[in-house]
Structure formats: structure tokens, C-alpha cells
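Visitor: Dropping the structure in here first, questions after.
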Amino acid sequence: MNIENKLLKQTSLEKLIVKLKEEGKQIFAPVIKNDQVEFAEISAMQEMTEDYIVTVQSAKAVVFPKVEKLFDFQTTKDNVTIVEKDINAIPEIVLLGARPCDAAGFDALNAIFTWDHLNDNIFVERLKKTTIIGISCSKFDGKCFCTSVNGNPGATKGSDILLTKIENGNYLAEIITEKGQAIVTKYSDLFEVATEVDKKKFIADVPVKFDLKIILDKIPGAFENKVWVKQSLRCISCGACAYVCPTCACFDIQDINNGHEGHRKRSWDSCGFGLFTIHTSGHNPREVQSQRWRQRVMHKFAYMPERQQVVGCVGCGRCSRSCPADMNLKEHLINLAEEVAK
Amino acid sequence: MDSVKKKAKELLENQSVNLIIGYGEGSDQNVRTIFISQADEVDQLIYDERCVQNLAFYLMKHEVKHLGKLGIVAPLPVMRSILQIASECQIKEENLVVLGITSKGELIETTGFKDIENYIASCELDLPANEKEIIAKLDAMTVEERWTFWTNELSRCIKCYACRAACPMCYCTRCQVECNNPQWVTVEATPMGNLEWHFMRAMHLTGRCVNCGECARACPLKIPINLLTYKTVMTVKSQFNMVAGTLANMDSVLSSYKTDDKENFIR
Amino acid sequence: MSQENIYKPYLMRIESIAEEAPFVKTFRLKFINEEDANAFTFKTGQFGEYSVIGEGESTFCIASSPTKKGYIECTFRQAGKVTSALYRRDVGDIIGFRGPYGNIFPIDEWKGKNLLFIAGGIALPPMRSVIWNCLDLRENYKDVTIVYGAKTVADLVYKEELREWEHRPDVNLITTVDPGGETPDWKGKIGFVPTVLSQEITSSDNTIAIVCGPPIMIKFTMPVLEKLGFKNEDVYTTLENRMKCGFGKCGRCNVGKVFICKDGPVFTLKQLKELPAEY
Numbered sequence: 040m041n042i043e044n045k046l047l048k049q050t051s052l053e054k055l056i057v058k059l060k061e062e063g064k065q066i067f068a069p070v071i072k073n074d075q076v077e078f079a080e081i082s083a084m085q086e087m088t089e090d091y092i093v094t095v096q097s098a099k100a101v102v103f104p105k106v107e108k109l110f111d112f113q114t115t116k117d118n119v120t121i122v123e124k125d126i127n128a129i130p131e132i133v134l135l136g137a138r139p140c141d142a143a144g145f146d147a148l149n150a151i152f153t154w155d156h157l158n159d160n161i162f163v164e165r166l167k168k169t170t171i172i173g174i175s176c177s178k179f180d181g182k183c184f185c186t187s188v189n190g191n192p193g194a195t196k197g198s199d200i201l202l203t204k205i206e207n208g209n210y211l212a213e214i215i216t217e218k219g220q221a222i223v224t225k226y227s228d229l230f231e232v233a234t235e236v237d238k239k240k241f242i243a244d245v246p247v248k249f250d251l252k253i254i255l256d257k258i259p260g261a262f263e264n265k266v267w268v269k270q271s272l273r274c275i276s277c278g279a280c281a282y283v284c285p286t287c288a289c290f291d292i293q294d295i296n297n298g299h300e301g302h303r304k305r306s307w308d309s310c311g312f313g314l315f316t317i318h319t320s321g322h323n324p325r326e327v328q329s330q331r332w333r334q335r336v337m338h339k340f341a342y343m344p345e346r347q348q349v350v351g352c353v354g355c356g357r358c359s360r361s362c363p364a365d366m367n368l369k370e371h372l373i374n375l376a377e378e379v380a381k
Numbered sequence: 067m068d069s070v071k072k073k074a075k076e077l078l079e080n081q082s083v084n085l086i087i088g089y090g091e092g093s094d095q096n097v098r099t100i101f102i103s104q105a106d107e108v109d110q111l112i113y114d115e116r117c118v119q120n121l122a123f124y125l126m127k128h129e130v131k132h133l134g135k136l137g138i139v140a141p142l143p144v145m146r147s148i149l150q151i152a153s154e155c156q157i158k159e160e161n162l163v164v165l166g167i168t169s170k171g172e173l174i175e176t177t178g179f180k181d182i183e184n185y186i187a188s189c190e191l192d193l194p195a196n197e198k199e200i201i202a203k204l205d206a207m208t209v210e211e212r213w214t215f216w217t218n219e220l221s222r223c224i225k226c227y228a229c230r231a232a233c234p235m236c237y238c239t240r241c242q243v244e245c246n247n248p249q250w251v252t253v254e255a256t257p258m259g260n261l262e263w264h265f266m267r268a269m270h271l272t273g274r275c276v277n278c279g280e281c282a283r284a285c286p287l288k289i290p291i292n293l294l295t296y297k298t299v300m301t302v303k304s305q306f307n308m309v310a311g312t313l314a315n316m317d318s319v320l321s322s323y324k325t326d327d328k329e330n331f332i333r
Numbered sequence: 384m385s386q387e388n389i390y391k392p393y394l395m396r397i398e399s400i401a402e403e404a405p406f407v408k409t410f411r412l413k414f415i416n417e418e419d420a421n422a423f424t425f426k427t428g429q430f431g432e433y434s435v436i437g438e439g440e441s442t443f444c445i446a447s448s449p450t451k452k453g454y455i456e457c458t459f460r461q462a463g464k465v466t467s468a469l470y471r472r473d474v475g476d477i478i479g480f481r482g483p484y485g486n487i488f489p490i491d492e493w494k495g496k497n498l499l500f501i502a503g504g505i506a507l508p509p510m511r512s513v514i515w516n517c518l519d520l521r522e523n524y525k526d527v528t529i530v531y532g533a534k535t536v537a538d539l540v541y542k543e544e545l546r547e548w549e550h551r552p553d554v555n556l557i558t559t560v561d562p563g564g565e566t567p568d569w570k571g572k573i574g575f576v577p578t579v580l581s582q583e584i585t586s587s588d589n590t591i592a593i594v595c596g597p598p599i600m601i602k603f604t605m606p607v608l609e610k611l612g613f614k615n616e617d618v619y620t621t622l623e624n625r626m627k628c629g630f631g632k633c634g635r636c637n638v639g640k641v642f643i644c645k646d647g648p649v650f651t652l653k654q655l656k657e658l659p660a661e662y
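Chains as they are written, first to last, in this note's numbering: chain A, 40 to 381; chain G, 67 to 333; chain L, 384 to 662.
Below, the structure written as C-alpha cells:
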């Protein structure tokens, strides 16, 4: 569908939020909590903030929650009953204030959860019921590198509607998908005719820092390169990077047993943890951190591009911001591009 | 830092150490740990108020340990961590050169753990005033208020274990939460499960925490979990008159006893 | 759920339990739901996620042949949390099963060839499925040789089946135990599997070799096969890694870009040599 431009006034966005809430949708937007900006549920525009580069955690929790129940069960001496999850009960969600990098991240998650025509239907249902109203970036910081991984601060990919703040606190609204169009059609009085706007004027100019082509081309052959040990020497194997990343989706499956009833859950995990790959025998194919660091980067920049045709990184820089050891991913990728080109 | 750089250069030149762990400039005004192995790299070493990461963590990291004999730049919290780890028999005095530094970055001449013990004995080890204030506030709450405070804070926890990873005392090769037979603490992040994890960790750190604050600094959500272990530090001081990380050969507070202990149930 | 929940297991009842060796059991499992039983198919080489509902899941191959309808079998050793819970089950108890996952032994491509099966210890279960599958289609293959060894006589699994294979005129079975593992009445060979292999097998002509065993056995068996002239694409083995989902989503079992649960567990030696050292 062709992208249509509309004008969304500040006051109209306020009204839109109220209307969507009245419809029964849950609205998640960036909110200041404990001196940090995180996605949280809101009922009115004044609860949200627009003063952020990106939120600390990604928005992936709306489609891939940190804990997801897969099914309930009841056990008696002779019988086991499995009670399925009612996916119709999954609520409709509007994710407001996702940055273009956040929106692009959903593509990577979708590629994983629907890989090879095998669909994780809980994820698919959550994604189906999520409408993304993105907001472009007018500023960036030293950890951002979206333009180096095929993104940019005004990209429409992944959003259903993309808002760009223009003059007078109003927004240029680009209607990108049918889901976005459905909102515009329903609340057509809130979306006005757009005047000619040079969107570029209101979008940050993020310089490209490394050639992604070199990385995608050379990383698959870099398994034995010594660069992995050098880069990961200061990594403390904490797992924060994977948890705040919009495209990391490695998970664990656990049974919770309360005697005669319980449930099976899927929860976040990280390939950076020491025991992620350990066998019951005690053998661990990735015993040391450098091997796990290599896995992290190669998974995102070699395996996912080849197997799922998507780069596993959107350049949001959250990993670098959350890292207690300053493992700046952008810097590592620049270094990697140099090392593998040798 | 000049005295430190000079010493570092000497150590590398005469090969008394293979590697020195210290602080260096990172990205965007951050500080990062650097590992220098050549004498001409010593100019990269820095020390200022941004240098708070507890470098003692790296003494236990496999890839670092195997690079040979280590030297380490050590401000007070790092020195204390080193003594505590040594108390727990995790490192040997002869395998480590400690470049102790004052809060101004000046080298403290030490030739072994005894000198470090003496230096630490001369330092003020009490918590900084602002932290004592927060703990006093928590202490002044009723039990219900404090419970509400912690359940609210810890419900945000995503169980990323950055707190554990950053702590030099959390060096167990298989942490209690990584045991599944039995599954002592539930794997995923639920409000009650988060409480179990953090309280368990605070107990495991009782008598061992040196208040470096790394756990709270590493937390991506800025949950003030250091307050839990700081409180245990204060309790251990008042109940046992012991402070972690002050001697290289200290008994463990919760797991050692003597026949003249004041608790008479043990006799 | 209107659509299929890929995490939901089939419920199976344990029809029989065989104690193979110390801490090793075989379960014969029947689908509780007849519709599931009729609809279920798999091919040899594939695996599943078996669970004690409430304890967790564990990954084992399907040890029975697809030619046997109405049930599947699995063999496992008690080692960790889930296998211990499985080990404590009784006949009649209910087990969860998800599968079949993974790729297959391409037995159609082996028609008209000699088959050499080499296995050690607890690694006979993945082979048992393909051995029986081939024996049930015996006319498709020429000579069938099985070389199987374990540490001690007690550690040999499928003792009943070994007796049956021994007595079949169309199978050449060679069993061995490690030096020191023999009992006074042991009539088989004594020696490590690679050693016995090099003594007993003299030709690789028109032969497919299938090898499963502990890493140390594989390490010493591959050179023997190479010396005999086996081409890398004619030698098959299985790999295993820690798994959770079994279908390529949890990101745990990959060796380089290859997911053991999707591109494996069956690999030729040629494919194995192209894998990075991460297993």
C-alpha cells in the first residue's frame, strides 16, 4: 500500500489516545519512571514523555513478554490434563512512541518466530493485535548506529503509522499499513490533510559508521579470527545486552509445578550466560566468554541474515548503554569491519 | 597517576607481570577496563571519579587468568575485594601484583597483602553519608512500608543477572539459581521469584560484601539492590564486629565458629 | 486454540518399561488420543522432546522404527532433573511428547548398498531406529554389519535385540566390551570399538557407514574409516546439543549457522568437517 501523509495535531493525538483507550486497547508509551524512560501503560498523553533517545528496555515485551505461559496443566495419579491458552484473550495493544529502530526490531522477531513456516502462534497473535505508532528521532547520541544497519531515524519500516514532530508541536503522520489506515479511517476527524513538509528537516542526521556490506560479507568466514578474544576480554557476561535488545529472542522453557497443577512457561534467556549451552554431562561447547561473544555477533550478522534474511541488529545502541563494562557494539563492529577486511 | 604508570612500566619491562588490569578511556566519556601487556601502553591508564568498576572481577575471569601473572590497579574497593577473595582462597598472594592507589590516584607502595591490610586499616570504611541516609530512611519505615518498597522495586527486575555478573564475590561456577535439581529459585522473572533471588543473594553476600556498589551500577533498570547488601554490611559490623575485605585471612562470618563465641547455643 | 500450539505435547501412556543397563531404561509409549496415533508419522533419525509434565522436557531420539505402527520408543539414561523424573515413572503413567523434529537418515539413497552400523554405549538408541527400519526393508540392502561395544557387559543396551540380531543369518553382529569389561562367560570381542572395527572390517566398497558414540569413540573411529577408504559423504553420524524448543526458535542448539534441531541431528562426515568447532 502506498504511504499516505496526514497531519496530526498535538491536540488530536491527545484525543486519539483517549479514544483508543475507550475502545478497550492498552496503550504503551514511553514514561519517566525512576529517572529512566521505559514503556508503560498510559491512559492520557500527559503521562508520556517525548524527551528520550530510546527507552532503556526495548518494546519487544509487548509481543515477546519476559514470561509467557504456554499452557496450564493438572495432574492426578492417573491423568494429565492440558489446558490451552486462550489466545483470543490476548488484548489489543497500541505501541506509541516506538522509534524507527524499535519498529524494525519486530521484523527480526517475526522472522525467528515464524521461521521455516512453523509459527509460534502465541507470538503471531500478539503481533497481530499490536499496532505500532512510531515517532521519528530528532536527536541521537554516540551509541546510536541505525544508519549503519540499513535503518534511519525517520524510517517507516515496521511502523503502522509513523509520526514526525514538525512545527507547533504537531506531527506529520505517515500511514504505512492497513492496520494504520484502519485507525485513520475510524478517527478521520483527527487526521487532517497534510501540508507539504520536508520531513528530513525534522529528523536527526546519524552518520554511517561502518560498511554493513563488509561485515555481512566477511563475518561468516571469521569464526577463527582472534578478534573475538580481544573484544570480549572486558565483558562480564552479565546478560543485560540481550535482555534490552529489540531483536534478541533466545528463550528458556520451564515447567512450574505446584503439586497437582502448574504451567509450562517460556522466558527470556541469553546466549551470553555461561551455562546457556551446557550439556547434562558437563560438556559445554561455549565454555568461555569469547566464544559466547562470537556467537552473539555472528548470530546477528551472519546466521540470521543467511537463514532468515534479516540482520539481527537495528542499531539502537541499547546494549552499549546498558553495558557495565563499556562493550560498545558500534565500536566493536567498526573494529570488526577493519579486522575481517584484512 | 604518574607514580602508577611508572610502576606499571617497570613491572612490564622486567616481566614481573604479563598483564596489568586498569582503567582506561572508553566511549562517549565512559571508562572501561583495559588490559595492557606492553610497557608503552601504560599511558592509557587513568584514574578519576568515573573509575568505579570493580576490577577484581577480572581476576576470576578464565581468559584473563590464563594470560599469566597479573597486576591490577586497585582503588580501595578493589583492594578490599582482593583481600576478601584471598580470604576465600581464590587467589594466591604470589600470583598477583597489586598497584594500590589512593582516592587521588597516587600509588601506595605495597609489597604484599600485609601492606594492603595496613593501608585499609587506615581508611574510613563507613558508608558514604548519602547512602547512610537512604538506609536510615528505609530503617525508619514500618515493616509493611519496607516490604512494599522492596516488592515494588524488585517486581521490575528482569532477572538478567547483571548484578551477579558484576560482583567480584559472585564467582560460583554454578550459582544456586543455575541448579535445577532441585530448582531452588524459579527461573523466570516473577515478583515473588525476584524477591527470592535478591534476598538469597544478599544472604550469600553477608559478611562478604565490600560495598563497591557494582550490583546497582550494572543493573540496567537502576534498581538499588546495593542497599540490601549494604544493610547486611552494617548488621555484620554491629553483630559480629567484622568488616569484609580488611584482612587477607579472615574467617567467614556466617560459617565459622570458635569455642569462645558469645552465642552459647553452640557450646 | 484455533491454531496449533507448537509447544503443546501429545499425551502418551507408558505401555512398557525395559531396564537396559544400570540407570538406562526404554519406554514404549502409546498415544492416549487415537486420532493422534493414527495421524502421527515420523522418519528414522528424528527426535522428540519427552517430558514429565511438571518437571520439564528432555531431548531423545525416537528409538523405534517408523515401520512399527501404534507406538514409539525412547531410551534414556538417568542423568539430570528430567531424566531422573522420567526414570521414576511406572507403566501406565502419562508422559508428554513433542515431535518429530529434525532431519532423517536418507535410507532411500542407501538402497542396494552394504550398511555398516557402528555404535558405542548409550549411543545405540539413535541407531536402533535406523537399524530396524533397514532390517524391516531388508531386501533393499546388501550386507548389514553391526559393530557395537560398551564399557562393560552390563552397559550393553538392547540385550534382547542383540541376541535377535546375532541369530539372524542376514545380519553380521560384532559386539565388544572394553578390556576389563568382560564377564567370565562373555563370548564377544574384547577391545575398544575403533580397534575391533579395524580388525573386523576390511572393505568400504559400496558401503555406507553410520556411526554413533561418545565423542572419544568418534574421534578414533573416523580415522579407521578413512583408512578403509570411506568417502566423507558416505559416513553418517548424529550430533547432539542442549535443546529446549526443538524447532529452531530458542537459539540454543546451533553450531555455527547450523541448528542441530533443524539441519540435524543427522550429518554426513562431509557436513561435520565444515562445521565450526562448537559442539
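C-beta: ideal position from N, C-alpha, C; glycine also. Model, not experiment: these values are computed from the prediction.
Against Asp155/A, what residues of chain C qualify as contacts under a CB-to-CB distance less than 9 Å, listed in chain order?
Guide: Any reference to chain C falls outside this structure, whose protein chains are A, G and L.
Visitor: Measure the alpha-carbon distance for Ser586/L versus Thr528/L and round it to whole angstroms.
Guide: Taking the first residue of the third sequence as 1, we reach residue 586/L at position 203. Taking the first residue of the third sequence as 1, we reach residue 528/L at position 145. For Ser586/L and Thr528/L, the distance between alpha carbons rounds to 12 Å.
Visitor: Does DSSP classify His299/A as helix, strand or coil?
Guide: Taking the first residue of the first sequence as 1, we reach residue 299/A at position 260. DSSP places His299/A in coil when its eight states are reduced to three.
Visitor: Could you tell me the alpha carbon to alpha carbon distance between Lys131/G and Ser82/G, rounded to whole angstroms?
Guide: Along the second sequence, one-based indexing puts residue 131/G at 65. Along the second sequence, one-based indexing puts residue 82/G at 16. The straight-line gap from Cα to Cα measures roughly 15 Å.
Visitor: If we define contact as Cβ-Cβ less than 8 Å, is Lys265/A a contact residue for chain G?
Guide: Counted from its first residue, the first sequence places residue 265/A at position 226. Interface with chain G (8 Å Cβ-Cβ cutoff): Lys265/A is excluded.
Visitor: Looking at the secondary structure, which residues open and close the beta strand (DSSP E) in which Cys457/L lies?
Guide: In the third sequence, counting from the first residue as 1, residue 457/L sits at position 74. Counting along the chain, the beta strand (DSSP E) containing Cys457/L begins and ends at 455 to 460.
Visitor: Can you give me the Cβ contacts of Met384/L inside the same chain, cut-off strictly under 7 Å, excluding the 5 residues immediately before and after it?
Guide: Locating residue 384/L in the third sequence gives position 1, where the first residue counts as 1. Any reading at Met384/L must be qualified, since the residue scores a pLDDT of 38, below 50, and its modelled position is unreliable; the value itself is stated next. If we look at Met384/L and ignore the five residues flanking it on each side, it has no Cβ neighbours.
Visitor: What are the start and end residues of each continuous beta strand (DSSP E) run of 3 or more residues lying completely inside the segment 147 to 177 of chain A, in chain order?
Guide: 169 to 174
Visitor: Met626/L: which of Phe406/L, Lys408/L, Gly431/L, Gly495/L sits nearest, CA to CA?
Guide: As a working note, residue 626/L is residue 243 in the third sequence. With distances taken between Cα atoms, Met626/L lies closest to Gly431/L.
Visitor: For the alpha helix (DSSP H) holding Lys73/G, just list the boundary residues, first then last.
Guide: Reading the second sequence from its first residue, position 7 is the one you call residue 73/G. From DSSP, the alpha helix (DSSP H) with Lys73/G extends over 68 to 79.
Visitor: Consider the Cβ of Ile436/L: report whether some Cβ of chain A lies at a distance smaller than 8 Å.
Guide: Taking the first residue of the third sequence as position 1, residue 436/L is located at position 53. It does: the Cβ of Ile436/L has a partner Cβ on chain A nearer than 8 Å.
Visitor: Which residues in chain L have a C-beta closer than 7 Å to the C-beta of His318/A? List them in chain order.
Guide: As a first step, residue 318/A is located in the first sequence; it is residue number 279 there, counting from the start. Within 7 Å Cβ-Cβ: Arg625.
Visitor: Can you check DSSP and say which residues form a bridge with Ser434/L?
Guide: Within the third sequence, numbered from 1, the residue matching residue 434/L stands at position 51. For Ser434/L, which the question treats as bridged, DSSP gives the partners Glu440/L, Gly479/L.
Visitor: For chain G, find out if any of its Cβ atoms is closer than 8 Å to the Cβ of Asn297/A; answer yes or no.
Guide: Locating residue 297/A in the first sequence gives position 258, where the first residue counts as 1. Judged by the 8 Å Cβ criterion, Asn297/A is not in contact with chain G.
Visitor: So which residues on chain A does Ile224/G lean against when the C-beta distance must stay under 8 Å?
Guide: The residue labelled residue 224/G in the question sits at position 158 within the second sequence. What Ile224/G touches in chain A, judged by beta-carbon distance under 8 Å, is Gln96, Lys105, Tyr282, Trp307, going in chain order.
Visitor: Might you give, ordered along the chain, the residues of its own chain that have their beta carbon closer than 7 Å to the beta carbon of Arg274/G, omitting 5 neighbours on each side?
Guide: Translated into positions along the second sequence, residue 274/G becomes position 208. Only Gln150, Met235, Ala310 meet the Cβ criterion.
Visitor: Ordered along the chain, which non-local residues of its own chain (more than five positions away) have a Cβ less than 6 Å from that of Gly92/G?
Guide: Within the second sequence, residue 92/G is the residue found at index 26, counting from 1. Contacts found: Arg98.
Visitor: Alpha carbon to alpha carbon, what distance is there between Gln654/L and Glu609/L?
Guide: In the third sequence, residue 609/L corresponds to position 226, counting from 1. In the third sequence, residue 654/L corresponds to position 271, counting from 1. The alpha-carbon atoms of Glu609/L and Gln654/L are separated by roughly 15 Å.
Visitor: To the nearest angstrom, how far is the alpha carbon of Lys265/A from that of Cys183/A?
Guide: One-based indexing of the first sequence puts residue 265/A at position 226. One-based indexing of the first sequence puts residue 183/A at position 144. The straight-line gap from Cα to Cα measures roughly 26 Å.
Visitor: Check each residue of the segment 242 to 267 of chain G: if its Cβ is closer than 7 Å to any Cβ of chain L, include it; give the result in chain order.
Guide: Asn246, Asn247
Visitor: Could you list which residues in chain A have their beta carbon closer than 8 Å to that of Ile389/L, in chain order?
Guide: Here the question's residue 389/L lines up with position 6 in the third sequence. Per Cβ cutoff of 8 Å: Leu157, Asn158, Asp159, Asn160.
Visitor: Work out the CA separation of Val119/A and Ala233/A for me, nearest whole Å.
Guide: By 1-based counting over the first sequence, the position of residue 233/A is 194. By 1-based counting over the first sequence, the position of residue 119/A is 80. Looking at the two C-alpha atoms, the distance is approximately 59 Å.
Visitor: Tell me whether Pro246/A is buried or exposed, calling it buried when 16 or more other Cβ atoms sit within 10 Å of its Cβ.
Guide: As a working note, residue 246/A is residue 207 in the first sequence. When all chains shown are included, Pro246/A counts as exposed.
Visitor: Taking the straight line between their C-alpha atoms, what separation do you get for Gly479/L and Tyr524/L?
Guide: As a first step, residue 479/L is located in the third sequence; it is residue number 96 there, counting from the start. As a first step, residue 524/L is located in the third sequence; it is residue number 141 there, counting from the start. Roughly 35 Å between the two C-alpha positions.
Visitor: Using 8 Å as the Cβ pair cut-off and three pairs as the minimum, do the segment 79 to 88 of chain A and the segment 146 to 166 of chain A touch?
Guide: no
Visitor: DSSP three-state call for Phe403/L: helix, strand or coil?
Guide: Here residue 403/L corresponds to residue number 20 of the third sequence, with the count starting at 1. Sequence inspection shows Glu at residue 403/L; the Phe mentioned does not correspond to that position. In this structure, Glu403/L counts as strand in the three-state DSSP scheme.
Visitor: Using the C-alpha atoms, what's the distance from Glu154/G back to Ser321/G?
Guide: Stepping through the second sequence from its first residue, residue 321/G is reached at position 255. Stepping through the second sequence from its first residue, residue 154/G is reached at position 88. In a straight line, the C-alpha of Ser321/G is about 12 Å away from that of Glu154/G.
Visitor: Identify every run of the beta strand (DSSP E) within the segment 81 to 127 of chain G, keeping only runs that are complete inside it and at least 3 residues long; order them along the chain.
Guide: 85 to 91, 97 to 102
Visitor: Quick check: the segment 263 to 281 of chain A against the segment 212 to 222 of chain G, are at least 3 beta-carbon pairs closer than 8 Å?
Guide: Between the segment 212 to 222 of chain G and the segment 263 to 281 of chain A there are fewer than three inter-stretch CB-CB distances shorter than 8 Å, so the stretches are not counted as touching.
Visitor: So, with DSSP's three-state summary, where would you put Glu190/G?
Guide: What you label residue 190/G is simply residue 124 of the second sequence in a count that begins at 1. If DSSP states are grouped into helix, strand and coil, Glu190/G belongs with coil.
Visitor: I think Glu231/A touches Leu46/A, with their Cβ atoms under 8 Å apart; what is that distance to the nearest whole Å?
Guide: Walking along the first sequence from the start, residue 231/A turns up at place 192. Walking along the first sequence from the start, residue 46/A turns up at place 7. Cβ atoms of Glu231/A and Leu46/A come within 8 Å of each other, at about 4 Å.
Visitor: Quick check: is the beta carbon of Gly344/L nearer than 8 Å to any beta carbon in chain G?
Guide: With chain L covering only 384 through 662, there is no way to say anything about residue 344/L.
Visitor: Starting from Leu202/A, find everything on chain G with Cβ-Cβ shorter than 9 Å and list it in chain order.
Guide: Residue 202/A sits at position 163 when you count from the first residue of the first sequence. In chain order: nothing, as chain G lies at least about 27 Å away.
Visitor: Is Asp308/A near the ligand SAH - that is, is its Cβ less than 7 Å away from at least one heavy atom of it?
Guide: Among the components of this structure there are no ligands whatsoever, and the ligand SAH is therefore not found.
Visitor: What does Arg635/L touch in chain A if you count any residue whose Cβ is under 9 Å from its own?
Guide: In the third sequence, counting from the first residue as 1, residue 635/L sits at position 252. Here the neighbours are Cys289, Phe290, Asp291, Asp308, Cys310, Phe315, Thr316.
Visitor: In the segment 130 to 201 of chain G, which residue ranges form an unbroken alpha helix (DSSP H) of at least 4 residues, counting only runs that do not cross its ends?
Guide: 142 to 153, 179 to 187
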